[in-house]
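Take the sequence shown: its letter number 30 is residue 137 in our numbering, and every next letter is one higher.
Glycine is no exception: its CB is placed at the ideal position from the N, C-alpha and C atoms.
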Amino acid sequence: MLLKKQTKKMIAPVVITVLVISYFIFYMWLGFAESGDIPLLMKILLIVVPSGLIVLMVYLLIERVNEIKEDDDDDLSQY
C-alpha cells in the first residue's frame, strides 16, 4: 500500500508527539507514585508544568500538520 507524500511526512511528527506526551504523563505519574507527603507547591508543579508542555506539544503538532498540508511540492521554484 502506497501512502501519499503528505501522509508519509506526518508520521514522524505524530510518533514523536505521542512519545513525548507519554514521557510527560509517566513523569507526572512517577512524581505522585514515588512520593509520600509532598508539599502542595510540588504537587501543583508536577501537574501544571507537564500539562502545559503536553498542550504545547499538541499545538506544535497541529501547526506542523497544517504546514505539511500547505507545503508546495516544488519549493525550489520559489527561488
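Inset, instruction - Out of K112, V172, L168 and L153, point me to the one whose CA is closest to A140's CA. - result: The residue with the shortest Cα to Cα distance from A140 is L153.
Inset, instruction - Could you tell me whether the stretch 128 to 135 touches the stretch 171 to 180, where touching means 3 or more Cβ pairs closer than 8 Å? - result: These segments do not touch.
Inset, instruction - Scan the stretch 140 to 171 and note each continuous beta strand (DSSP E) run of 3 residues or more that stays entirely inside, going in chain order. - result: Considered as a whole, the stretch 140 to 171 harbours no complete run of any beta strand (DSSP E) with no fewer than 3 residues.
Legend entry - Backbone secondary structure at K111 - three-state DSSP: Three-state DSSP puts K111 in coil, outside helix and strand.
Legend entry - Exposure label - M149; buried when at least 16 CB within 10 Å: By the neighbour-count rule (16 or more Cβ atoms within 10 Å), M149 is not buried but exposed.
Inset, instruction - Would you mind stating whether I175 and K116 have Cβ atoms separated by less than 8 Å? - result: Cβ distance < 8 Å, so I175 and K116 count as in contact.
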